[in-house]
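Colleague: Structure below; questions to follow.
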Amino acid sequence: MSTTPTGSAASAAEAGGSPRAAGGGAVRELLVAPVRALVLALLALTGSIVLFVVVAVSLALIPVGIGVFTTPPLIHLVRVWSGHRRLLAADWAGIRIPASYRPFPRDLRSGVTGQVERCSLLLKDPATWRDLLWLLVDMTAGALIVLLAAGLVLHGLFGLLIGAGLWKPVTALDDPYWYGFVPVGGWGTALLAALLGLVLLAAGLKFGPGLVRVHFQLVGAVLTPDRQQQLEQRIDRLTETRHDALDSSAAELRRIERDLHDGAQARLVAMGMNLGTIEALVEKDPAKAKELLSKARESSAEALTELRDLVRGIHPPVLAERGLGDAVKALALRLPVATEVDAELPGRMEAPVESAAYFAVSETLTNAVKHAGADRIWVDISYESGSLRIAVTDDGRGGAVVGRGSGLSGVERRLGTFDGVLAVSSPAGGPTMVTMEIPCALS
Amino acid sequence: MRVVLAEDLFLLRDGLVRLLEAYDFEILAAVESGPELSRALAELEPDVAVVDVRLPPSHTDEGLQCALAARRARPGLPVLVLSQHVEQLYARELLADGNGGIGYLLKDRVFDAEQFVDAVRRVAGGGTAMDPQVISQLLTRRSQDRPMGGLTPRELEVMELMAQGRSNAAIAAQLGVTERAVAKHTSNIFAKLGLPVSDDDNRRVLAVLAYLDRGAGQG
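Right under this line is the structure:
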């Protein structure tokens, strides 16, 4: 997904040396960095400046009271803006810049008090000030760097145009036109300007990718939270997922206890009672005893079925025997919707991860079957660079969301315990694609 | 009939030995682990093997793997696999070579001694004995999908019992119809599944395979 411009430019240069290199691709590679630089410069010189000024005004209005209401949405906008730059950093330069915003407490009040609270929470978050500082840096140093990259290329191209004859209209006046340090006044100096333009162009193309990278490094340097903040955030996250894990395992134990108590245990008691009755009846009324015997056998079979279902709910046998890939295949065979499973796992992961992944897939599939109205489902399981990746796609009606107590938030919590993440893409009308990623090691 | 038995739980193994001996089977060996099973199958050449899916030392699907390996070494070796749970995935692996002589049953089926022994005999004779659970899962799914090969509901019932490995007489008894009616249904099923006229027993295995394969094609 994310290729570094320097890397791709370098490979394009290498490819250019070989006779098979496709010209179009190489030209595109060369132009990518200057165009990106231009885009970044425009973003910095428009959005960042406007946002910074507006936020500054809003902050100044806080003592009057108006700022309390305007600041939170503006800061949200700033976060979206910096989030966009983070995305570009990952896509264009392969630089990952972590975001660390403090979450709002769950019991945030509504109304005016809630608004004041929200505003003060935002102002206390160091990430807010980092974002504002970044706006300032982005519209000055950040913009300068990318302007240099784009400017070198544009100015170089202009120099070539001058050399090609554009000097005539430009130097219609008496005084010569200064292109850089060249006073253009005739064909000779125009050619000199073209030469200079060529040098500038070459420099722009050569250093463009590097300058874009420097820009993103600058973004990273300003936006990356310091170690203490990262640790704070990590602790918050761990506390939250530990709560979830404890809650769900307690709920799970309660469910198992209840199922055993109401199901298998009750049936075994009934069976014992029947056997006692049979003992008393066997000589007096053999026919009745025989009838009870068959009932006792039925009870034992039912108890077994219930135990089996219970075991499947705790740890599916195929998962224990074969691992995630085959367990999901076996699961797919039991679904009422045609499901294709593609699993490529070079080994097995630790049992808790395997189990979490299995139940996450299982819940996602159940969701798809119940709500999506799909005809086909595809499950893709693979392992890449230290994480397990699972994609569940269906051709149903779409519109699935995480949150509001949907099954998918349960999946998200389940994965959260293992630092896993869940992403849902489900436009109305479908298709729905749920992707999960869990960092883990294979054995 | 000479049997090799593999089951790691002593009580169950003992019970199975008693049960089979009561029905005049000769127990060549009753083993409790995968390696022992492999050795017994290679050396003793039994008429049928009764194998638990999960066996030591790995306590995973060792029994199933041993059975599959033994059938690769000796195609058509009759194997009846017993399990605490049944999965279509395993059923398909067992039937995949198309040789017949395969059974895959829940352990509970031993409660009905006669039916169980009947299943062992069928498998030893080259037939199949699929657990009703495997078949019913498959049929439920097929009927929710498009109707498989255009079978009528009655034919589906017959198919279900046939897939379990029952004879026409047994199917007739269970459905309360004449054997001739069952024979008519089965030949309709064979025609609809596109199975060529050949040895009737083998076609019954093929019909099961056709069903399971369509399951695989769908899934």
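These protein sequence lines are chains G and P, in that order. First residue of the first sequence: 2, per the working numbering; consecutive thereafter. First residue of the second sequence: 47, per the working numbering; consecutive thereafter. We treat Cβ as the ideally placed atom computed from N, Cα and C, and that holds for glycine.
1. Which of helix, strand or coil does DSSP assign to residue 63/G?
2. Closest to residue 103/G by CA distance: which of 112/G, 238/G, 164/G and 91/G is it?
3. Would you call the stretch 179-186 of chain G and the stretch 224-240 of chain G in contact, with 3 or more CB pairs under 8 angstroms?
4. At the 9 angstroms Cβ level, is residue 318/G part of the contact set with chain P, yes or no?
5. Could you check which residue in 403/G, 378/G and 401/G has the C-alpha nearest to that of residue 395/G?
6. Would you report the Cα separation of residue 75/P and residue 159/P, rounded to the nearest angstrom?
7. Three or more beta-carbon pairs under 8 angstroms between the stretch 102-120 of chain P and the stretch 272-289 of chain G, yes or no?
8. Helix, strand or coil for residue 47/P per DSSP?
9. Residues of chain G with CB closer than 7 angstroms to the CB of residue 107/P, please, in chain order.
10. Would you please verify whether the beta carbon of residue 225/P is less than 9 angstroms from any beta carbon of chain G?
11. Which runs of the beta strand (DSSP E) at least 3 residues long sit entirely within the stretch 297-341 of chain G? Give them in chain order.
12. Is residue 274/G buried or exposed, if buried means 16 or more other CB atoms sit within 10 Å of its CB?
13. Would you identify the three-state DSSP class for residue 120/P, choosing helix, strand or coil?
14. Could you check which residue in 73/G, 45/G and 221/G has the C-alpha nearest to that of residue 58/G?
15. Under the assumption that residue 211/P contacts residue 176/P (Cβ atoms under 8 angstroms), give the Cβ distance between them as a whole number of angstroms.
16. Using a threshold of 9 angstroms, state whether the C-beta atoms of residue 165/P and residue 184/P are closer than that.
17. DSSP puts residue 174/P in a beta bridge; with which residues?
18. Could you confirm whether any beta carbon from chain P is found closer than 9 angstroms to the beta carbon of residue 312/G?
19. Using a Cβ cut-off of 8 angstroms, pull out every chain G residue sitting near residue 89/P, in sequence order please.
20. Mind the definition here: the stretch 264-279 of chain G touches the stretch 297-310 of chain G only if three or more C-beta pairs lie below 8 angstroms; say whether that holds.
21. Going along chain P, which residues have a C-beta under 7 angstroms from residue 330/G?
22. Looking at chain G, which residues of the stretch 136-163 of chain P have a Cβ within less than 7 angstroms of any of its Cβ atoms?
23. Which of helix, strand or coil does DSSP assign to residue 223/G?
24. What does the Cβ neighbour count give for residue 85/G, buried or exposed, with the cut at 16 atoms within 10 Å?
25. Work out the CA separation of residue 39/G and residue 187/G for me, nearest whole Å.
26. Spell out the partners DSSP gives residue 184/G in its beta bridges.
27. At a Cβ cut of 7 angstroms, what residues of the stretch 167-186 of chain P count as close to chain G, listed as they run along the chain?
28. Which of the three DSSP states, helix, strand or coil, is assigned to residue 36/G?
29. Let me check one thing: in DSSP terms, what residues is residue 440/G bridge-paired to?
30. For chain G, check one thing: does any of its Cβ atoms lie closer than 9 angstroms to the Cβ of residue 220/P?
31. Rounded to whole angstroms, what is the Cα-Cα separation between residue 437/G and residue 133/G?
Modeller: Walking through what the data contain:
1. coil
2. 238/G
3. no
4. yes
5. 378/G
6. 20 angstroms
7. no
8. coil
9. 322 and 323
10. no
11. none
12. exposed
13. coil
14. 73/G
15. 6 angstroms
16. no
17. 148/P
18. yes
19. Within chain G, no residue comes near residue 89/P; the closest Cβ sits about 27 angstroms away, beyond 8 angstroms.
20. yes
21. 135
22. 154 and 157
23. helix
24. exposed
25. 32 angstroms
26. 179/G
27. 183
28. helix
29. 388/G
30. no
31. 33 angstroms
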